[in-house]
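A.B. asks: Numbering (UniProt numbering), first residue to last: 1 to 323. Note that CB positions come from ideal geometry on N, CA and C, so glycine has one too. Predicted model only: the values in this text are computed from it and were never measured. Got a structure for you, questions after.
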């Protein structure tokens, strides 16, 4: 630990967490920094309470990341050591049915983490359309792990969070592990479908763990690929019309026009597999969900908390789902 200077105080174990306004009070929760270094003389032993007035945290903010990030020094090793005990605590506080899995490497180093809050799983199985959108983003803490979210839409077309997972990177093994834990949570679901980007790790994992589930590709991702590859806005527009056609005749009309382009864009889409991106040829029920926008929206909601250590980040997610 660094030596404390005159204007620094050691306040034991404190780690940035949430604003209590997410769970009914007005102060910020802090736990598990091993030391906290202030840059001015305003921090005293009373700073342990870390209320909103001290840090001027707006009432509507869910996480005091920007206000406090530059004023503290995070001990990530302390956060990692708390994962085992925190996992069981989350399960007890959330629901007896909440599912929490963690895998360590050599029984020492954090590797994978999975969390699905029990009521979210129950809701998915009973009243949510069975289409799961998956997308990943990077955490912004010291270790730059990857967060992968499994998101659905409810009956009002609002975002419905199903599961969260943190891994070192998106690989065949990590996606397989995540999908196995997800299947352990939801079981066999009739007419289940997935929407992801074109990474092969998703297609391999879904075909292995959910062999009877429909798997569709993120159409906007293909549109961007077409634009980057062929530099033709007309091709991208035609693909938009082809992919979203509701009947065979409309599809064939637009498809013939796309195939007429000599740049090979039609062959590229045919090689991808028409059933992966065409609404009319979809082998399952897609429920008009052809993009990963809802997963990206969740990643945007978690933009600031992604700065936090792993324990505090999942505390934020749990509180967000339960407020």
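1) If I measure Cβ to Cβ from residue 134 and keep anything under 8 Å in the same chain, skipping five residues before and after, which residues do I get?
2) If we ignore side chains and look at the alpha-carbon of each, how far apart do residue 256 and residue 274 end up?
3) If you measure between the beta carbons of residue 168 and residue 204, is that distance less than 8 Å?
4) Which residue marks the beginning of the beta strand (DSSP E) containing residue 133, and which one marks its end?
5) Grab the span of the beta strand (DSSP E) containing residue 295 for me, first residue to last.
6) Measure the Cβ-Cβ separation of residue 214 and residue 283 and say whether it is below 8 Å.
7) When DSSP labels each residue in this structure, what does residue 204 get in the three-state scheme?
8) For the segment 172–189 and the segment 237–253, state whether three or more C-beta atom pairs, one from each stretch, are separated by less than 8 Å.
9) Going by DSSP, which residues form a beta bridge with residue 161?
10) Could you check whether the segment 223–235 touches the segment 264–271, counting it as contact only if at least three pairs of C-beta atoms, one from each stretch, sit closer than 8 Å?
11) According to DSSP, is residue 237 helix, strand or coil?
12) Between the alpha carbons of residue 97 and residue 243, how many angstroms are there, rounded?
13) Is the separation between the beta-carbon of residue 128 and that of residue 154 shorter than 8 Å?
14) Which value, in whole angstroms, describes the spacing of the CA atoms of residue 102 and residue 281?
15) Whole angstroms is fine: what's the gap from residue 115's alpha carbon to residue 260's?
16) Out of curiosity, what's the CA-to-CA distance linking residue 189 and residue 125?
17) Quick one: residues in its chain with C-beta nearer than 6 Å to the C-beta of residue 263, no 5 flanking neighbours on either side, listed in chain order?
18) For the alpha helix (DSSP H) that residue 250 lies in, which residues bound it at each end?
19) Taking Cβ positions, are residue 290 and residue 184 nearer each other than 8 Å?
20) Can you give the Cα-Cα distance for residue 63 and residue 306, rounded to whole angstroms?
21) Tell me the DSSP bridge mates of residue 101?
22) Excluding the five sequence neighbours on either side, which residues of its own chain have a C-beta within less than 8 Å of the C-beta of residue 276, listed in chain order?
23) In angstroms, rounded to a whole number, what distance separates the CA positions of residue 232 and residue 144?
24) Out of curiosity, what's the CA-to-CA distance linking residue 121 and residue 252?
25) Taking residue 192 as the reference, give the member of 200, 236, 199, 211 with the closest Cα.
26) Using 8 Å for Cβ pairs, my map puts residue 161 next to residue 321. What's the rounded Cβ distance?
27) For residue 279, collect the residues of the same chain with a Cβ closer than 6 Å to its Cβ; drop the 5 residues on either side in sequence, then sort them by chain order.
C.D. replies: In terms of the structure at hand:
1) Your numbering for residue 134 matches position 134 in the chain shown. So the qualifying residues of the chain are 148, 149, 150, 151, 194, 195, 196, 202, 292, 295.
2) Stepping through the chain shown from its first residue, residue 256 is reached at position 256. Stepping through the chain shown from its first residue, residue 274 is reached at position 274. Going by the C-alpha atoms only, they are around 14 Å apart.
3) Locating residue 168 in the chain shown gives position 168, where the first residue counts as 1. Locating residue 204 in the chain shown gives position 204, where the first residue counts as 1. Not closer than 8 Å, so no.
4) Numbered from its first residue, the chain shown carries residue 133 at position 133. Residues 131–138.
5) Working through the chain shown from its first residue, we reach residue 295 at position 295. It is not in any beta strand (DSSP E) - residue 295 instead sits in the alpha helix (DSSP H) that spans 293–301.
6) The residue given as residue 214 occupies position 214 in the chain shown. The residue given as residue 283 occupies position 283 in the chain shown. Contact: yes.
7) The sequence position of residue 204 within the chain shown is 204, counting from 1. In the structure shown, residue 204 sits in a helix (DSSP, three-state: H, G or I).
8) Judged by Cβ distances under 8 Å, the segment 172–189 makes no contact with the segment 237–253, as fewer than three pairs qualify.
9) Along the chain shown, read from residue 1 onward, the residue named residue 161 stands at position 161. In the DSSP secondary-structure assignment, residue 161 is bridged to 151.
10) Judged by Cβ distances under 8 Å, the segment 223–235 makes contact with the segment 264–271, as three or more pairs qualify.
11) The residue given as residue 237 occupies position 237 in the chain shown. If DSSP states are grouped into helix, strand and coil, residue 237 belongs with the helices.
12) By 1-based counting over the chain shown, the position of residue 97 is 97. By 1-based counting over the chain shown, the position of residue 243 is 243. So the alpha carbons of these two residues sit roughly 39 Å apart.
13) Position 128 of the chain shown holds residue 128. Position 154 of the chain shown holds residue 154. Yes, the pair counts as a contact, with Cβ atoms nearer than the cut-off.
14) Locating residue 102 in the chain shown gives position 102, where the first residue counts as 1. Locating residue 281 in the chain shown gives position 281, where the first residue counts as 1. Their backbone Cα atoms lie some 39 Å apart in a straight line.
15) Within the chain shown, the letter at position 115 stands for residue 115. Within the chain shown, the letter at position 260 stands for residue 260. Residue 260 has its alpha-carbon roughly 48 Å from the corresponding atom of residue 115.
16) Looking up residue 189 in the chain shown gives position 189. Looking up residue 125 in the chain shown gives position 125. C-alpha separation (whole angstroms): 8 Å.
17) Position 263 of the chain shown, counting from 1, holds the residue named residue 263. These residues qualify, in order along the chain: 230.
18) Reading the chain shown from its first residue, position 250 is the one you call residue 250. Unbroken alpha helix (DSSP H) run through residue 250: 248–259.
19) In the chain shown, counting from the first residue as 1, residue 290 sits at position 290. In the chain shown, counting from the first residue as 1, residue 184 sits at position 184. No, Cβ-Cβ distance for residue 290 and residue 184 is not below 8 Å.
20) On the chain shown, residue 63 is found 63 positions in, with the first residue counted as 1. On the chain shown, residue 306 is found 306 positions in, with the first residue counted as 1. Caution applies to residue 63, whose pLDDT of 40 falls short of 50 and renders its modelled position unreliable; the value that the coordinates give is listed next. Using only the alpha carbons, I get a separation of about 10 Å.
21) As a working note, residue 101 is residue 101 in the chain shown. Residue 101 is bridged to 114.
22) Mapped onto the chain shown, residue 276 falls at position 276. For residue 276, where only same-chain residues beyond five positions count, the Cβ hits under 8 Å are 215, 216, 217.
23) On the chain shown, position 232 is the one that residue 232 refers to. On the chain shown, position 144 is the one that residue 144 refers to. When rounded, the separation of the alpha-carbon atoms in residue 232 and residue 144 is 36 Å.
24) Position 121 of the chain shown, counting from 1, holds the residue named residue 121. Position 252 of the chain shown, counting from 1, holds the residue named residue 252. Taking the straight line joining both Cα atoms gives about 40 Å.
25) As a first step, residue 192 must be located in the chain shown, where it is residue number 192. For residue 192, the nearest C-alpha among the options comes from 211.
26) One-based indexing of the chain shown puts residue 161 at position 161. One-based indexing of the chain shown puts residue 321 at position 321. So it is a contact: roughly 6 Å between Cβ atoms.
27) Your numbering for residue 279 matches position 279 in the chain shown. Cβ neighbours of residue 279 beyond the five flanking positions: 244.
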